[in-house]
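So the sequence shown is numbered by UniProt numbering: it starts at 1 and just counts up by one.
Every residue, glycine too, gets a C-beta built ideally from N, C-alpha and C.
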Amino acid sequence: MTTGTERGTLTIAGSGIACVAHITLEMLSYIKESDKLFYLVCDPVTEAFIQDNATGDYFDLSVFYGKNKSRYDSYIQMCEVMLRAVRAGHRVLGVFYGHPGVFVSPSYSAIAVAREEGYKSRMLPGISAEDYMFCGSRI
1 MTTGTERGTL TIAGSGIACV AHITLEMLSY IKESDKLFYL VCDPVTEAFI
51 QDNATGDYFD LSVFYGKNKS RYDSYIQMCE VMLRAVRAGH RVLGVFYGHP
101 GVFVSPSYSA IAVAREEGYK SRMLPGISAE DYMFCGSRI
């Protein structure tokens with residue numbers, strides 16, 4: 001865990017689309033080293049893997065979705081909860097299904113705000129549906 005004198009950091013990572021098979025060793029090291037881990041994945045196996053390997057606190061971002069709530073509002077809340085932890089001085093990891101840079105609004109928003117506020121941030125790639133399309137089309 002970070003001390004009160006350290007600045008928070010934000011890393012956004014993709015879990016891929018094939019359960020835990022697409023989680024890289026680099027991402028696994030971030031799962032184990034983060035103080036706060038926020039995730040939005042679509043299968044219970046990946047969720048269990050994340051929870052079993054996390055040494056810090058973890059939080060399921062899917063709680064921000066609501067039946068009568070816009071996706072935009074949900075994404076703002078996801079972004080803000082991660083940034084709140086960064087501002088508190090924690091090493092934060094946000095894990096999103098697939099590639100975090102493909103159709104994942106909260107990832108780009110959180111990184112943009114973190115950088116604007118002077119926090120170190122980065123994105124780790126994940127295997128996306130597009131990658132599977134290239135494999136299937138024999139390109």
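Curious, which full-length beta strand (DSSP E) runs of at least 3 residues does the segment 48-133 contain?
Considered as a whole, the segment 48-133 harbours 57-60, 91-96, 120-124 as its complete beta strand (DSSP E) runs of no fewer than 3 residues, in chain order.
With distances taken Cα to Cα, identify the nearest neighbour of D43 among A18, G89, Y58.
Counting from 1 along the sequence shown, the entry for residue 43 is found at position 43. Measuring C-alpha to C-alpha distances from D43 to each of A18, G89, Y58 identifies A18 as the nearest.
Along the beta strand (DSSP E) that carries I12, what are the first and last residues, could you check?
Walking along the sequence shown from the start, residue 12 turns up at place 12. From DSSP, the beta strand (DSSP E) with I12 extends over 9-14.
Can you name, in chain order, every residue of its own chain whose Cβ lies under 8 Å from the Cβ of residue 145, other than the five neighbours on each side?
This structure cannot speak to residue 145, because the chain is shown only from 1 to 139.
Spatial neighbours of A88 within its chain, please: C-beta separation below 6 Å, excluding the five flanking residues on both sides.
For the purposes of this step, residue 88 is taken as residue 88 along the sequence shown, with counting starting at 1. Taken in chain order, the list of residues that qualify is empty.
Exposure label - F134; buried when at least 16 CB within 10 Å:
One-based indexing of the sequence shown puts residue 134 at position 134. By the neighbour-count rule (16 or more Cβ atoms within 10 Å), F134 is not buried but exposed.
Reference T55, options K36, V63, L61, E47, closest by Cα:
The count along the sequence shown starts at 1 and reaches residue 55 at position 55. Of the candidates K36, V63, L61, E47, the one whose C-alpha sits nearest the C-alpha of T55 is K36.
Does the distance from the C-beta atom of S136 to that of H99 stay below 8 Å?
Within the sequence shown, the letter at position 136 stands for residue 136. Within the sequence shown, the letter at position 99 stands for residue 99. According to the sequence shown, residue 136 is Gly rather than Ser. Not a contact, by the Cβ cut-off of 8 Å.
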